[in-house]
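Trainee: Each position in the sequence shown, counted from 1, maps to that position plus 1 in our numbering.
The beta carbon of each residue, even a glycine, is placed where N, CA and C say it ideally should be.
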Amino acid sequence: MNKTGLLFVTAVCLGLSIAPRGYAASTPSGCATRNNDTRSKLLECITEKNLWSHLEVFQRIADHHPDPAGHGNRDTGTRGYKSSVDYVAKLMREAGYDVTIQPYQWRHFGIDGLPVFEAAGQTFNLSHDWFVARLSGSGSLTAFVQPANDASGCSRSDFASFGRGRIALLKRGSCEYDTQVENAERAGASAVVIYNNAPSADDVGRGHRDGRAFEARLSQPAQIPVIGVVSYAVGAELLQQSRAARPLSAHLDVHTRHKSDIDYNVIADSRFGDPDHIVVLEGHLDSIYGAGMLDNASGSTTMLEIALNMAHTHTRHRLRYIWFGGEEIGLLGSKFYTENLTRKENRKIVFDIDADVTATPNFALLVADPKNAWNADKFPPNVIPESRVGNQDFIDYFRSVGAVARNANNDGTDSNSFSLVGIPNTGIYTQQDCCKRPWEVALWGGFRGDFEGVVPGWHEGCVDTPHRWCDNLSNNDQFVFEFVSKAVAAVTLKLANDASLDREKRP
């Protein structure tokens, strides 16, 4: 089915009437200079035409700054990313915002030569069976493989009986990769192999039972080689053989390089509202594996168009817009921002809203609820209860226009960084990669399989798959883009005027 057909299915499932493709509603004159202080006034200014025009600029930026292989690129540390920063900052300054470019240090990571991973009498295929983790250390070694006591290695006690110099075999668990690696290093491991924790129902549904391999992204450089994430099938085989009577030996040959560099966040403050009560609308500006038009030029554009149409809007709380760098390689920009807030600055931020992927063709409507985060036990106790108001605002908005949204998690989004420092938050995302399940098709229409990329299909999508280079302009749906951007605008305006956020409750 082509995009027009998918759009028709989308509209029917949402109970909406839409104009035929090719029709573009005109933007009311004066939108960018008037006080859009009601939902109806603001939402009529958020149009497909204007959103798409910004997205086209981001595509041109990527195309004009290709990587060495000729692929359009806006990844962290590239000229394409810096040009994206300059574009956003220029428009926000021209609209009257107080703009700050916040620099921070990050680490380049590269792999020299062809890495080798051999065990159990076979050589495993890079990028299919396994990946080298980002910020892995280097080394060439042959050693016995030993699993941690409870398989995940999330606790130091899991290595109580670990033999120094062995390769730690760890299951992807309920803690950060950095924690697993740090515990293994302390126990004297010579290397770490992290394997996928289980084949998902989606893997089985498309005929793959291996729980696919993907790149683990460390936040801190490892001192030893780190392989991960290995497919579930390979991991299960290694685990079985490592527990056999005869010790399992593995050979690793991994050579990496690290280099510090400067990255940037863009921060723009409104002139209106109480500066001691700030509502943040944020998302990441960087891409991964290319142009990054869906992830996350779409969310970045949603934010930009809302900001431009609220430049003269009076609100109770001050609005702050932040485009973060380094999200795709470990929430680097948002972690730097939140962890370097003074206590006074932290307490001024009364709520955070995240926009991460807002134009998925075979979409879902998912609210980023910190209650469902994998690391929710690490959030200060105020975060989950105080986030309910924003989560409910999204649910209520979609219900008011005849659609259904579902609470999900904020794993891997910049709002997770706000959760960790005690700032209540919500967000929206329309999904990516694979795979849309039957219950999601029943709610939102579309097809089982890929959320984006080739739809319908079972190809893993374009966004997070290395060497595919297809997250371009065509990977976004214009109708979904406008529909979800209006939702973000409505919730932003509501929270910016929510008197209940005035009270100082956070510790």
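1) Does the separation of the CB atoms of GLY462 and TRP107 fall below 8 Å?
2) Applying the 10 Å Cβ sphere with the 16-neighbour rule, what's the burial state of TRP324?
3) For the segment 219–235 against the segment 70–80, do three or more pairs of beta-carbon atoms, one drawn from each stretch, fall closer than 8 Å, so that the two count as touching?
4) Is it right to say ARG319 is buried, meaning 16 or more other beta carbons lie within 10 angstroms of its own, or is it exposed?
5) Give me the Cα-Cα distance between ASN498 and PHE419, rounded to the nearest whole angstrom.
6) If ILE350 sits next to VAL281, beta carbons under 8 Å apart, how far is it from one beta carbon to the other, in whole angstroms?
7) Please tell me whether VAL464 and LEU305 are closer than 8 Å, where the distance is taken between their beta carbons.
8) The alpha helix (DSSP H) with PHE484 in it runs from where to where?
9) On a CA-only basis, which of PHE273, ARG173, ILE289 and GLN242 is nearest SER232? Give me that one, please.
10) Applying the 10 Å Cβ sphere with the 16-neighbour rule, what's the burial state of VAL1?
11) Just tell me which of VAL402, SER301 and PHE110 has its CA closest to the CA of SER139.
12) Within 10 angstroms of the Cβ of GLY114, are there 16 or more other Cβ atoms? Answer buried if so, exposed if not.
13) Between the Cα of LEU1 and those of GLU283, ASN417, SER85 and TYR178, spot the shortest distance and give me the residue it belongs to.
14) Can you find a C-beta in chain B that's less than 8 Å from the C-beta of ASP394?
15) Can you give the Cα-Cα distance for TRP459 and LEU474, rounded to whole angstroms?
16) Could you name each continuous alpha helix (DSSP H) segment of 4 residues or more that falls completely within the segment 122–191, going from the start of the chain to the end?
17) Ignore the nearest five residues each way along the sequence and tell me which others in ALA500's own chain have a CB closer than 8 Å to its CB.
18) CA-CA distance, PHE125 and VAL485?
19) For the segment 46–56 against the segment 291–309, are there 3 or more C-beta pairs whose distance is under 8 Å?
20) Below 6 Å CB to CB, which residues in the same chain sit around ASP159 once its five sequence neighbours on both sides are set aside?
21) Straight-line CA distance for TYR105 to LYS336?
22) Is PHE452 helix, strand or coil when you go by DSSP?
23) Sorted by chain position, which residues of the same chain lie with C-beta nearer than 7 Å to ALA488's C-beta, five sequence neighbours on each side aside?
24) Per DSSP, what kind of secondary structure is GLY516 in: helix, strand or coil?
25) What did DSSP end up calling TRP1 once you bin it into helix, strand or coil?
26) Measure the CB-CB distance between ASP370 and ASN408 and report whether it falls below 8 Å.
27) Helix, strand or coil, according to DSSP, for GLU216 in the structure here?
28) Are there 16 or more other CB atoms within 10 angstroms of the CB of ALA491, so buried, or fewer, so exposed?
29) What three-state label does DSSP hand HIS55 in the structure shown?
30) Which residue wins for smallest C-alpha separation from LEU44, given the options ARG348, GLY300 and THR493?
31) Just checking my contact of PRO425 with PHE352 at CB under 8 Å: how many whole Å lie between their CB atoms?
32) Please confirm whether ASN392 and PHE452 have their CB atoms less than 8 Å apart.
33) Taking the CB atoms as reference points, tell me whether HIS252 and GLU119 lie closer together than 8 Å.
34) GLY164 to SER250, Cα distance in whole Å?
35) Tell me which residues share the same chain as TYR502 and place their Cβ nearer than 8 Å to its Cβ, disregarding the 5 neighbours each side in the sequence.
36) For SER501, name the three-state secondary structure that DSSP assigns.
Mentor: Taking the geometry as given:
1) The answer is no: Cβ separation not under 8 Å.
2) Answer is buried; the Cβ neighbour count reaches 16.
3) Counting C-beta pairs with one atom in each stretch, the segment 219–235 and the segment 70–80 have fewer than three that are closer than 8 Å, which means they do not touch.
4) ARG319 counts as buried, since no fewer than 16 other beta carbons sit within 10 angstroms of its beta carbon.
5) Our two residues, ASN498 and PHE419, have alpha carbons roughly 20 Å apart in a direct line.
6) With a contact defined as Cβ atoms closer than 8 Å, ILE350 and VAL281 qualify at about 6 Å.
7) It is not a contact, given that the beta carbons lie outside the stated cut-off.
8) If you look at PHE484, you'll find it in the alpha helix (DSSP H) that goes 479–497.
9) It is ARG173 whose Cα lies nearest to the Cα of SER232.
10) Given a span of 2 to 508 for the chain in the structure shown, any question on residue 1 remains unanswerable.
11) It is PHE110 whose Cα lies nearest to the Cα of SER139.
12) Here GLY114 is exposed: its Cβ has fewer than 16 other Cβ atoms, across all protein chains shown, within 10 Å.
13) The structure shown does not extend to residue 1, since the chain spans only 2 to 508, so no value can be given for it.
14) Chain labels in this structure do not include chain B; a single protein chain is all it has.
15) Distance between the alpha carbons of TRP459 and LEU474 is about 20 Å.
16) Runs found: 178–187.
17) Once the five neighbours on either side are set aside, the close Cβ partners of ALA500 are ARG317.
18) One C-alpha to the other measures close to 42 Å.
19) A contact exists between the segment 46–56 and the segment 291–309.
20) Shown here for ASP159: same chain residues with a beta carbon closer than 6 Å to its own, the five before and five after excluded, namely ALA149, ASN150 and ASP151 in chain order.
21) Distance from the CA of TYR105 to the CA of LYS336, rounded to the nearest whole angstrom, comes to 10 Å.
22) If DSSP states are grouped into helix, strand and coil, PHE452 belongs with coil.
23) The answer, listed in chain order, is PHE395, TYR398, PHE399 and ILE429.
24) Residue 516 cannot be examined here, being either before or after the span of the chain that is shown, 2 to 508.
25) The chain is shown from 2 up to 508; residue 1 falls before or after that span and cannot be answered.
26) Taking 8 Å as the Cβ cut-off, ASP370 and ASN408 qualify as a contacting pair.
27) The answer is coil: DSSP assigns GLU216 none of H, G, I, E or B.
28) By the 10 Å Cβ count, ALA491 comes out buried.
29) Note: HIS55 maps to helix in three-state DSSP.
30) Cα-wise, what sits closest to LEU44 is THR493.
31) With a Cβ gap of about 6 Å, PRO425 and PHE352 count as contacting.
32) Annotated as distal: ASN392 and PHE452, with beta-carbon spacing of 8 Å or more.
33) Their beta carbons are under 8 Å apart, which means HIS252 touches GLU119 by this criterion.
34) Note on geometry: alpha-carbon atoms of GLY164 and SER250 lie some 13 Å from one another.
35) Looking at the sequence provided, one finds Leu at residue 502 rather than Tyr. The residues are HIS278, VAL280, HIS318, VAL351, PHE352, VAL390 and LEU496.
36) When secondary structure is reduced to three states using DSSP, SER501 falls in the helix class.
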